[in-house]
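To start, the structure itself, in structure tokens.
2 protein chains.
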Amino acid sequence: MEKLYTGKTKDVYQLENGNVLLKFKDDCTGKDGKFDPGENSVGLTIEGIGRENLKTSVHYFELLKAAGVKTHYVSADVENATMEVLPATVFGHGLEVICRLVATGSFIRRYGEYMEDGTRIEGGYVETTFKDDAKGDPLVTKDALAVLGVMTPEMYDSMKEQTLAITKVVADDLAKKGMDLYDIKFEFGYDKNGEVILIDEIASGNMRVYKDGKIVDPMDLTKMILA
Amino acid sequence: MEKLYTGKTKDVYQLENGNVLLKFKDDCTGKDGKFDPGENSVGLTIEGIGRENLKTSVHYFELLKAAGVKTHYVSADVENATMEVLPATVFGHGLEVICRLVATGSFIRRYGEYMEDGTRIEGGYVETTFKDDAKGDPLVTKDALAVLGVMTPEMYDSMKEQTLAITKVVADDLAKKGMDLYDIKFEFGYDKNGEVILIDEIASGNMRVYKDGKIVDPMDLTKMILA
Numbered sequence: 001m002e003k004l005y006t007g008k009t010k011d012v013y014q015l016e017n018g019n020v021l022l023k024f025k026d027d028c029t030g031k032d033g034k035f036d037p038g039e040n041s042v043g044l045t046i047e048g049i050g051r052e053n054l055k056t057s058v059h060y061f062e063l064l065k066a067a068g069v070k071t072h073y074v075s076a077d078v079e080n081a082t083m084e085v086l087p088a089t090v091f092g093h094g095l096e097v098i099c100r101l102v103a104t105g106s107f108i109r110r111y112g113e114y115m116e117d118g119t120r121i122e123g124g125y126v127e128t129t130f131k132d133d134a135k136g137d138p139l140v141t142k143d144a145l146a147v148l149g150v151m152t153p154e155m156y157d158s159m160k161e162q163t164l165a166i167t168k169v170v171a172d173d174l175a176k177k178g179m180d181l182y183d184i185k186f187e188f189g190y191d192k193n194g195e196v197i198l199i200d201e202i203a204s205g206n207m208r209v210y211k212d213g214k215i216v217d218p219m220d221l222t223k224m225i226l227a
Numbered sequence: 001m002e003k004l005y006t007g008k009t010k011d012v013y014q015l016e017n018g019n020v021l022l023k024f025k026d027d028c029t030g031k032d033g034k035f036d037p038g039e040n041s042v043g044l045t046i047e048g049i050g051r052e053n054l055k056t057s058v059h060y061f062e063l064l065k066a067a068g069v070k071t072h073y074v075s076a077d078v079e080n081a082t083m084e085v086l087p088a089t090v091f092g093h094g095l096e097v098i099c100r101l102v103a104t105g106s107f108i109r110r111y112g113e114y115m116e117d118g119t120r121i122e123g124g125y126v127e128t129t130f131k132d133d134a135k136g137d138p139l140v141t142k143d144a145l146a147v148l149g150v151m152t153p154e155m156y157d158s159m160k161e162q163t164l165a166i167t168k169v170v171a172d173d174l175a176k177k178g179m180d181l182y183d184i185k186f187e188f189g190y191d192k193n194g195e196v197i198l199i200d201e202i203a204s205g206n207m208r209v210y211k212d213g214k215i216v217d218p219m220d221l222t223k224m225i226l227a
């Protein structure tokens, strides 16, 4: 298999059938030996975390498939920590799509003058940021994405609609387990027909979840999702 | 006349006919005695600049009236440096609407990875930021403005459409004078029927203008606009 890309937490290989294989690694983003999904460099290795993240992703990709939401997910081999996915092109040099059900974090840092931390956002709010550490992951609007040639307004509308639907599937699953999803981030790409689909993974490190009024640590969250 | 508000560069009075009177002052925003339209505190006083800014605003408000764009402008008394305007409510605690015809400044600081400084943006690009020095005037999307209860999506669409039309009127006027409008910022409000209209002023300090490849100083720009 030809290796296409060596990532921080995943390696990417070309499959002969035209699909792509993601190999989940035990390397985690973090700082000073402490796991932090918001960090952009590998900070530590946790034995078996690659498989745990893969199992979490498979759990949600299967729920999405059942709900009729098409994603890049094809199949997984948990033993070998690999997931087969459809080929897709990422938007720009990395774009994060955030869906917020409860206003907190950077949203409140920006707009705290207008909304109290912890306010529930009816129906959810979707925003996009460029992955760019040096620039502090700048917010980018639908109109700017079009001007910059990153995606068409129609692609944005499809991505936003899918984000709201996918977030609802994840939030409903967490609610059944007694947990409250505050916000979640995704990555999208587009296939050879220009169709926008969810790519990458859906793991504990990509969401902020509360239980009984307290934030749930990503490691505990994985266990509770897979319980 | 009842004084409604004491501003940095304008005072605001209630008129008996229901309209509002803006009194343009000679105080300018700036720092260390140097005029800087981007600063938020009064830095110096320039004899007669209130009247010059009023004349510039009248010039553009009259052009807009002729082009069929309704604004808050009713009439002006240049001698006394006052402008009569329709009453309007501002959005939130201050919202700036920026229209960019050439990508530069904060747009490039945010998105320089995707576009070269000085790239012309066909048709123009509109974005909104909250006036909030401590937070660095954060960008805010159409969806966030709705979630925060600042304006409805329909109000945003009207504001964006007007911004593009108004920018074209100003850019065409500057082009006739041999100048090139890069970007311009506006303030909008809404009247008692919820109709969105341009408020405040249209002065040299609100736009970035180039001539023969060099940026034009706001004081020189005023003279060239009024020449």
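Chains as they are written, first to last, in UniProt numbering: chain E, 1 to 227; chain V, 1 to 227. Note that the Cβ used here is the ideal one computed from N, Cα and C, for glycine as well.
Nearest candidate by alpha-carbon position, reference threonine 6 of chain V, set V:Thr167, V:Ser158, V:Leu21: In terms of Cα proximity to threonine 6 of chain V, the closest of V:Thr167, V:Ser158, V:Leu21 is V:Leu21.
Quick one: is the Cβ of valine 85 of chain E within less than 8 Å of any heavy atom of the ligand ADP? In the structure shown, the ligand ADP is absent, as is every other ligand, since no ligand is present at all.
Applying a beta-carbon distance threshold of less than 7 Å, which residues of chain V neighbour methionine 115 of chain E? Residues of chain V passing the Cβ test: Leu148.
Which of the residues in the segment 164 to 193 of chain V, read from start to end, lie with their CB under 9 Å from any CB of chain E? Cβ contacts with chain E come from no residue of the segment 164 to 193 of chain V.
Any idea what DSSP makes of aspartate 137 of chain E, helix, strand or coil? In the three-state reduction of the DSSP assignment, aspartate 137 of chain E falls in the coil class.
Chain-ordered neighbours of tyrosine 125 of chain E on chain V, where CB pairs are closer than 8 Å: Asp143, Ala144, Val147, listed in chain order.
Kindly say whether leucine 101 of chain E, judged by its beta-carbon, lies nearer than 9 Å to any beta-carbon of chain V. No, because no Cβ of chain V sits closer than 9 Å to the Cβ of leucine 101 of chain E.
Does tyrosine 111 of chain E come out as helix, strand or coil in the three-state DSSP assignment? In the structure shown, tyrosine 111 of chain E sits in a helix (DSSP, three-state: H, G or I).
Beta-carbon contacts of glycine 50 of chain V that lie in its chain and below 7 Å, excluding the five residues immediately before and after: The residues are Phe24, Lys25, Asp26, Ala81.
Is the distance from the Cβ of asparagine 19 of chain V to the Cβ of glutamate 84 of chain V below 9 Å? For asparagine 19 of chain V and glutamate 84 of chain V, yes; Cβs fall inside 9 Å.
Using a Cβ-Cβ cut-off of 6 Å (strictly less than) and excluding sequence neighbours within five positions of threonine 222 of chain V, which residues of its own chain qualify? These residues qualify, in order along the chain: Glu52, Thr56, Ser204.
Straight-line CA distance for phenylalanine 186 of chain V to arginine 100 of chain E? Approximately 29 Å, taken between the alpha carbons.
If you measure from the beta carbon of histidine 72 of chain E to each beta carbon in chain V, is any gap under 9 Å? No Cβ of chain V is located within less than 9 Å of the beta carbon of histidine 72 of chain E.
Within 9 Å of any Cβ in chain V, is that where the Cβ of residue 234 of chain E sits? Outside the shown range of chain E, which is 1 to 227, sits residue 234 of chain E, and nothing can be said about it.
On the criterion of 16 or more Cβ atoms from any shown chain inside 10 Å, does residue 234 of chain E qualify as buried, or is it exposed? Coverage of chain E is limited to positions 1 through 227, which leaves residue 234 of chain E absent and any answer about it impossible.
Within the chosen definition, does the segment 104 to 119 of chain V reach the segment 125 to 140 of chain E through at least 3 CB pairs nearer than 8 Å? Yes, the segment 104 to 119 of chain V is in contact with the segment 125 to 140 of chain E.
I'd like to know if the segment 179 to 198 of chain E and the segment 147 to 165 of chain E are in contact, where contact means that at least 3 CB-CB pairs between them fall below 8 Å. For the pair of segments examined, the segment 179 to 198 of chain E was found to touch the segment 147 to 165 of chain E: the number of CB pairs separated by less than 8 Å reaches three.
Extent of the continuous alpha helix (DSSP H) run through alanine 165 of chain V: Boundaries of the alpha helix (DSSP H) harbouring alanine 165 of chain V: 153 to 176, taken from the DSSP string.
For methionine 159 of chain V, which of V:Thr104, V:Ala66, V:Thr128, V:Val216 has the nearest alpha-carbon? Of the candidates V:Thr104, V:Ala66, V:Thr128, V:Val216, V:Thr128 places its Cα closest to the Cα of methionine 159 of chain V.
Rounded to whole angstroms, how far is the Cβ of histidine 72 of chain V from the Cβ of isoleucine 225 of chain V, which I believe are closer than 8 Å? Not confirmed; about 20 Å, so no contact.
Express the C-alpha separation of proline 87 of chain E and valine 150 of chain E in angstroms, rounding to a whole number. When rounded, the distance between both Cα atoms is 18 Å.
From the DSSP output, read off the bridge partner residues of serine 75 of chain E. Answer by DSSP bridge pairing, in chain order: E:Glu84.
Considering only their Cβ atoms, is the gap separating glycine 123 of chain V from valine 102 of chain V smaller than 9 Å? Not closer than 9 Å, so no.
Does the distance from the CB of valine 147 of chain E to the CB of valine 126 of chain E come in under 9 Å? Going by C-beta atoms, valine 147 of chain E is not nearer than 9 Å to valine 126 of chain E.
Against chain E, with Cβ distances strictly below 9 Å, would isoleucine 225 of chain V count as a contact? Residue-level contact by beta carbon fails for isoleucine 225 of chain V and chain E, as no gap is shorter than 9 Å.
Check the C-beta distance from glycine 30 of chain E over to glutamate 39 of chain E and give it rounded, since I have them as a contact under 8 Å. The C-beta separation of glycine 30 of chain E from glutamate 39 of chain E comes to about 5 Å, placing the pair in contact by the 8 Å criterion.
Where the segment 88 to 100 of chain V meets chain E: residues whose CB sits under 7 Å from a CB there: Taking 7 Å as the Cβ-Cβ cut-off, the segment 88 to 100 of chain V approaches chain E at Gly92, His93, given in chain order.
Test item: CB-CB of threonine 104 of chain E and arginine 208 of chain E under 9 Å: It is a contact, given that the beta carbons lie within the stated cut-off.
When burial is assigned at 16 or more other CB atoms within 10 Å of the CB, is residue 294 of chain V buried or exposed? In this structure chain V extends from 1 to 227, so residue 294 of chain V is not present and cannot be described.
Counting only beta-carbon atoms, is proline 153 of chain E nearer than 9 Å to chain V? Not one chain V Cβ lies under 9 Å of proline 153 of chain E.
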